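To start, the structure itself, in structure tokens.
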Amino acid sequence: GVEANPEKCKAIIQMQSPQTVKEVQRLAGRLVFLSRFIPRLADKAGPIFTLLRKPKNFEWTDQCEEAFKSFKTFLTTPPIL
């Protein structure tokens, strides 16, 4: 079967919450790379992707933090068949 690259997952799990637009871009790129393994990525990452549309008004909100933590939890939890 196809599995997510453990190194890519580890990179997200070990990330701190982004503080700049550049860090959000890195996170978004990593999430998109793993998108085939994350159901409904666009819905779950909506608050994070919204930051990329308004880079001048960068504000890491509670919704962004919640989404970020949920991805970390998802990537550390083995899939249930």
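In this note's numbering, the protein residues as written are -18 to 62. Glycine residues also receive a C-beta, built at the ideal position from the N, C-alpha and C atoms. Since the structure is predicted, the reported quantities are computational estimates derived from the model, not experimental observations.
Taking the continuous alpha helix (DSSP H) assigned at I(-7), which residues delimit it? Within the sequence shown, numbered from 1, the residue matching residue -7 stands at position 12. I(-7) -> alpha helix (DSSP H) spans P(-13) to I(-6).
Taking Q(-5) as the reference, which of P(-13), V2 and T1 has the closest Cα? Stepping through the sequence shown from its first residue, residue -5 is reached at position 14. Cα-wise, what sits closest to Q(-5) is P(-13).
Pull up the distance between the alpha-carbon of G(-18) and that of W41, whole angstroms please. As a position in the sequence shown, residue -18 is number 1, starting the count at 1. As a position in the sequence shown, residue 41 is number 60, starting the count at 1. Using only the alpha carbons, I get a separation of about 36 Å.
Looking only at its own chain, which residues have a Cβ that is under 6 Å from the Cβ of Q44, when we skip the five neighbours before and after it? The residue you call residue 44 lines up with position 63 of the sequence shown. Same-chain partners within the cutoff: P28.
Leaving aside the five residues before and after K50 along the sequence, list all residues of the same chain whose C-beta is less than 7 Å from its C-beta, in chain order. Numbered from its first residue, the sequence shown carries residue 50 at position 69. So no residue of the chain qualifies.
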